[in-house]
Every structure is written in C-alpha cells, then in structure tokens.
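Report on the following structure.
Numbering (my numbering), first residue to last: 9 to 304.
Written out as structure tokens, the structure is:
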C-alpha cells in the first residue's frame, strides 16, 4: 500500500516535470525509460545525443521480481517516453510498470514488440518446463525481432521529438544495416558449431535459438529448481546428443548448472540476455558454441 501511495504521489508531479506539449523542452534531451538494459542500447543507438535513458531493471538483476525503487519512481515520473518490451508474459511490466503508467497519462508509451511474431511452446526451441506461460518474453535476443523493435522505437522517438526525426531516421537505417551484418556474423560462426543444442538454466534464448535453428534445453522447471529425476533425464539426453554447453545468467542459481556441466564433461558459460551491449553479447553467445569442449 505504501508503494502504491508513493506511485500516486510521484505521478501527481508529472505535469510539472514536462512541457504541456508533451515534447522535450528546447535544449533538453528526450527522457526515455526502458525496462531492460538492451533496450537502452537500442534507444541510444537510434536517439544519439538527443536522448537520456533510464533502465528500470539494472544489469545483474532478474526481471522476475525486481521492484521499482523510490529513485526509479521519481525518474519514471519525469520521463517523456516509456519503451515497453510489450510481451504478454513479461510480468514485470504488468505488475510494476503498467500501474504506474496508468496514473501518468502524460508519459508516451511505445510497445517495442508491436508487429512481432511471438514464439510459443515448441516454437521457442526449448524443452517443456519453463515458467513463461504465454511464451518467452526475451524478444530482444535475436536480430530478426530487434529489427522490428528498432522501427517501433524510431517512430516513437520521432513522434515525441519531431525536431529530431531526421536524425532518428538516419540512425535507424544505419542500425538496420548493422543488424543485418551481425546476423551474417552469427550465421558464419554457427555454421561450424559441433552441436546445435545447448542447456540453459532459465530459458531466455528462445528467439535466438529459433532464428538460428538451435535448441535450448531448460534446467529449471516452472521457475523452480529441477527435481533429481529431471536432472537425470536432462543429463542423459545431453550425453546422447553430445551437448556440452551450459548457459547461466546473472541472478539465477549456478549450482545445478555446474552439476550438469560436470556430468556431461561440459562447461558453464555466463550468457545473460540482459547485458546492455547487445551486439557484443550476441557475438559472445554465438562464439561460445565453437569454444564448447566438444569442439575438435
């Protein structure tokens, strides 16, 4: 209740924090809030020096249960634009962000996933047992979906800051060329991968797997540590299919991932979908398939 009252009190200050027109004041950067760090990279790539970005879920924290701090509430209240991930199973936005935005109608909102084809179930390239009831919300981990997100972000920036529209359009074109080049790099790297299946603790790489014909096997079951029987089944399958690569991300347990890696003569690799440097992160994930112990 106290947190809700704080939200209402802060959103009452919104009209005093922005021009009546809903556009940034002359000489001020467009204030943009986003949910996860990779979104900040997209907005900064397209917006350049005309934007100032605030991330609601900092690097190293899970989107599953991260609360808004009072400082973040104040920053969000002063935002001109919020860029949502927008996936229906991205519960963080539904529980923490949407109630706030409902009390702050002056903040423009864009759904960066508008127009995307969402993956569900087997399409995600993962074994059953994950906890995303409506599909994988990590839509930002594949070049194909990020190209869609970039277009939505550019349109929202131009609408909020018409004076910057030519810059945003130019930066979008350059970004789309970079996305296409990155896609080519990843395909080249994966072409010689010894295995196209990998293990993850939390299934956050479904869109990456789908785009590149990979399969991810999740350790956790319905958001919980796996049972002993579940671990045995996963280890047996990994041995049969010569899987040696186990991904973990910040904020999730490493112990069971290490147990599995030891059992299959594999290795644990930090592969966090929420790393801000999006192209470098995807390159490192792709390169990890070549560095797997099964290579050679």
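Think of the CB as a built atom: it goes at the ideal place given N, C-alpha and C, for glycine as much as any other residue. As the structure is a computational prediction, the values presented were derived from the model and not from experiment.
For this session: Report back the beta-carbon spacing between residue 222 and residue 245 to the nearest angstrom; my notes put them in contact at under 8 Å.
Result: Actually they are not in contact, since the Cβ atoms of residue 222 and residue 245 sit about 15 Å apart, beyond 8 Å.
Exercise. In whole angstroms, what is the alpha-carbon distance linking residue 127 and residue 93?
Worked result: Going from the Cα of residue 127 to the Cα of residue 93 covers about 14 Å.
Exercise. Taking Cβ to Cβ, would you say residue 197 is nearer than 8 Å to residue 295?
Worked result: Cβ atoms of residue 197 and residue 295: closer than 8 Å.
Problem set entry | Local conformation of residue 44 per DSSP, three classes | In the structure shown, residue 44 sits in coil (DSSP, three-state: anything other than H, G, I, E or B).
Problem set entry | Chain-order list of residues whose beta-carbon lies under 7 Å from that of residue 49 (same chain, five-residue window excluded) | Excluding residues within five positions, the ones whose Cβ falls inside 7 Å are 284, 285 and 286.
For this session: Could you say if the region 176–186 and the region 46–65 meet the contact criterion of at least three C-beta pairs nearer than 8 Å?
Result: Contact check between the region 176–186 and the region 46–65: three or more CB pairs, one atom from each, fall below 8 Å, which counts as touching.
Exercise. So, are the CB atoms of residue 64 and residue 41 less than 8 Å apart?
Worked result: In contact: residue 64 and residue 41 (Cβ atoms closer than 8 Å).
For this session: Spell out the partners DSSP gives residue 278 in its beta bridges.
Result: Under DSSP, the beta-bridge partners assigned to residue 278 are 256.
Problem set entry | CA-to-CA distance, residue 199 to residue 289, given in whole angstroms | Roughly 18 Å separates the two Cα atoms.
Exercise. Quick one: is residue 146 buried, meaning 16 or more other Cβ sit within 10 Å of its Cβ, or exposed?
Worked result: Classification of residue 146: buried, given that the 10 Å Cβ count is 16 or more.
Exercise. So what does DSSP say about residue 126, is it helix, strand or coil?
Worked result: Here residue 126 sits in coil by DSSP.
For this session: In angstroms with no decimal places, state the Cα-to-Cα distance between residue 252 and residue 264.
Result: Going from the Cα of residue 252 to the Cα of residue 264 covers about 14 Å.
For this session: Determine the extent of the beta strand (DSSP E) in which residue 92 is found, giving its start and end residues.
Result: Run containing residue 92: 89–92, per the beta strand (DSSP E) assignment.
Exercise. Can you give the Cα-Cα distance for residue 298 and residue 195, rounded to whole angstroms?
Worked result: Going by C-alpha positions, residue 298 is about 12 Å away from residue 195.
Problem set entry | Contacting residues, own chain, Cβ-Cβ under 7 Å from residue 269 (five flanking each side not counted) | Cβ neighbours of residue 269 beyond the five flanking positions: 254, 275 and 276.
For this session: Go through its chain and collect everything with a Cβ distance to residue 43's Cβ below 8 Å, but skip five positions before and after it.
Result: Hits under 8 Å: 63, 64, 65, 71, 91, 92, 93, 98, 100, 101 and 105.
Exercise. Are residue 281 and residue 257 touching if we call contact CB-CB under 8 Å?
Worked result: Contact flag set, yes.
For this session: Output yes or no for whether 8 Å exceeds the beta carbon distance between residue 76 and residue 169.
Result: No, the Cβ-Cβ distance between residue 76 and residue 169 is not below 8 Å.
Problem set entry | Rounded separation between residue 79 and residue 242 - CA only | For the pair residue 79 and residue 242, the Cα-to-Cα distance works out to about 42 Å.
Problem set entry | Secondary structure, alpha helix (DSSP H): runs of 4+ residues fully inside the region 199–230 | Runs of the alpha helix (DSSP H) inside the region 199–230: 214–219.
For this session: Look up residue 251 in the DSSP assignment and say whether it is helix, strand or coil.
Result: Residue state, collapsed to three classes: coil.
Exercise. Residue 292 lies in the alpha helix (DSSP H); which residues open and close that run?
Worked result: Segment 286–296, the alpha helix (DSSP H) holding residue 292.
Problem set entry | Cα-Cα separation between residue 219 and residue 47, rounded to whole angstroms | Going by the C-alpha atoms only, they are around 19 Å apart.
Exercise. Do residue 293 and residue 216 have their C-beta atoms closer together than 8 Å?
Worked result: It is a contact, given that the beta carbons lie within the stated cut-off.
For this session: From the DSSP output, read off the bridge partner residues of residue 116.
Result: 89.
For this session: Quick one: give me the first and last residue of the alpha helix (DSSP H) that residue 62 is part of.
Result: In the DSSP assignment, residue 62 falls outside any alpha helix (DSSP H) and within the unbroken beta strand (DSSP E) covering 59–63.
For this session: Could you say which of 116, 266 and 160 lies nearest to residue 123 if we only look at CA atoms?
Result: Nearest in C-alpha terms to residue 123, of all of 116, 266 and 160, is 160.
For this session: Please classify residue 38: does DSSP put it in a helix, a strand, or coil?
Result: Strand at residue 38.
For this session: Could you tell me if residue 110 is buried or exposed, where buried requires 16 or more neighbouring beta carbons within 10 angstroms of its beta carbon?
Result: Per the 10 Å Cβ criterion, exposed.
For this session: Kindly indicate which residue of 149, 166, 67 and 167 has the alpha-carbon position closest to the one of residue 187.
Result: Ranked by how close their Cα comes to the Cα of residue 187, the residues 149, 166, 67 and 167 have 149 in first place.
Exercise. Which residue's Cα is closest to the Cα of residue 108: 84, 96, 250 and 164?
Worked result: For the residues 84, 96, 250 and 164, the minimum Cα distance to residue 108 belongs to 84.
Exercise. Would you call residue 212 buried or exposed, if buried means 16 or more other Cβ atoms sit within 10 Å of its Cβ?
Worked result: Classification for residue 212: buried.
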